[in-house]
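Taking it in order: structure first as structure tokens, then the write-up.
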Amino acid sequence: MAFVSIVKASAFTSLRKPVFFITVAVFATLIFLSRHLTIFTLGQPTSMVTEVGVSSIFLCGILGAIFLNAASLAAEIETGTLAVLLTKPLTRASVLLAKFVGNLITLYGALLLLTIDFFITLTLEASPVNALTIQAVILSFLACALASALTLVPVSYTHLRAHETSLH
């Protein structure tokens, strides 16, 4: 029950970060405008739209992971909510996993919106959505999950270890 509460709190906290929404809006606009930006590619405009779309989803996911996770635990340490969390019967690993899942839910929601924008752009371009494009998008989602984990764990480990030693 506490795990689910931390996941919900993490997701709602990450939804309140304006830099995340600005990043998603910029990349959604870039994906949609890629139809017009790739006109001058001399014979390969549809492949360029696909490459810009997949690259935008990937880069937005990486930047979103950094923005959501970088200050996630630092903000909880400053506000004192981490001290309350660590007094509950939860391990450090479960707190980190809950923060990871909450931030990943938010990140995947944004990436899903970008993917829908990408597929709409491909449809307007009259370009087929093939299996390779779908695989590239799925791999982008997985790479963003890995980036999210790599962003959260090293910083949080040092913060949690320092906070635990100060409690004892």
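Heads up, the sequence shown is in the numbering used here, so the first residue is 1 and it goes up one at a time. A virtual CB, placed ideally from N, CA and C, is assigned to each residue, including glycine. Note that the structure is predicted; figures quoted are calculated from it, not measured.
Residue i versus the options, residue with shortest Cα-Cα distance
i, options, result
"Ile134", "Phe58, Ile6 and Ser34", "Phe58"
"Val170", "Ala71, Val4 and Val129", "The structure shown does not extend to residue 170, since the chain spans only 1 to 168, so no value can be given for it."
"His36", "Phe141, Leu124 and Ala131", "Leu124"
"Leu112", "Val95, Ile66 and Ala25", "Ala25"
"Glu76", "Ser34, Thr13 and Cys60", "Thr13"
"Tyr108", "Ala11, Ala131, Phe3 and Ser127", "Ala11"
"Ile138", "Ile116, Lys88 and Ala126", "Ile116"
"Leu114", "Ser5, Lys8 and Ser34", "Ser34"
"Ala145", "Ala131, Val101 and Ala126", "Val101"
"Leu150", "Cys60, Ala110 and Leu96", "Leu96"
"Val4", "Ala110, Leu132, Ser127 and Ser94", "Ser94"
Whole-angstrom C-beta distance between residue j and residue i, which should lie under 8 angstroms
i, j, result
"Lys99", "Leu73", "7 angstroms"
"Ile31", "Ser56", "5 angstroms"
"Val52", "Ser140", "Incorrect: roughly 13 angstroms between the Cβ atoms, too far for contact."
Close Cβ partners of residue i (< 6 angstroms) along its chain, the five nearest in sequence each way excluded
i, result
"Leu122", "Val129"
"Val153", "none"
"Ile105", "Ala11"
Simplified DSSP assignment, three categories, for residue i
i, result
"Asn130", "coil"
"Arg92", "helix"
"Arg16", "coil"
"Gly109", "helix"
"Ala83", "helix"
"Ala71", "coil"
"Glu76", "helix"
Same chain, Cβ closer than 8 angstroms to residue i, five either side skipped, listed in chain order
i, result
"Asn103", "Ser10, Ala11, Ser14, Ala65, Leu68, Asn69, Ser72, Ser148 and Leu152"
Sequence-distant residues of its chain with Cβ nearer than 7 angstroms to residue i (five each side left out)
i, result
"Phe119", "Val129"
"Ala2", "Lys88 and Leu90"
| query | Taking one C-beta from the segment 11 to 19 and one from the segment 77 to 93 each time, how about it: are there three or more such pairs within less than 8 angstroms? | reply | Short answer: they don't touch.
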